[in-house]
Amino acid sequence: MHQKEELTTAPPERWLKADGSTVSCTEKVKVLEENWEEVKALLQDVLDDAVLMGCTEQQVKAEYKRLIDALQCGFEEQKS
1079 MHQKEELTTA PPERWLKADG STVSCTEKVK VLEENWEEVK ALLQDVLDDA VLMGCTEQQV
1139 KAEYKRLIDA LQCGFEEQKS
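Numbering-wise, the numbering used here comes out as the position in the sequence shown, counting from 1, plus 1078.
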């Protein structure tokens, strides 16, 4: 994998709570980073499949961004 590619797909350096502080629990960070890697792999497969089936990379990315923007969390953000 190219270094530039890794930098753009790496998880955030830190995960933030609603109050702006850093999520510091090792297990929580581990789960967040595992989820990131799983979603990244799935989205790469989706993009590759779509392009192989004739879709444009630009449109597939735009549609999945639209999907993410439309998602709503079923939980209230934790305040503390």
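Every residue gets a Cβ at the ideal spot worked out from N, C-alpha and C, and that includes glycine.
query                                                                                               : result
Terminal residues of the alpha helix (DSSP H) in which Q1137 lies                                   : E1135 to A1148
Cα-Cα separation between E1091 and K1106, rounded to whole angstroms                                : 14 angstroms
Which residues DSSP lists as bridging T1100, in chain order                                         : L1094
Helix, strand or coil at Q1122 [DSSP, three-state]                                                  : helix
Cβ separation of E1116 and P1089, assumed to be a contact under 8 angstroms, to the nearest whole Å : E1116 to P1089, Cβ: 11 angstroms. No contact.
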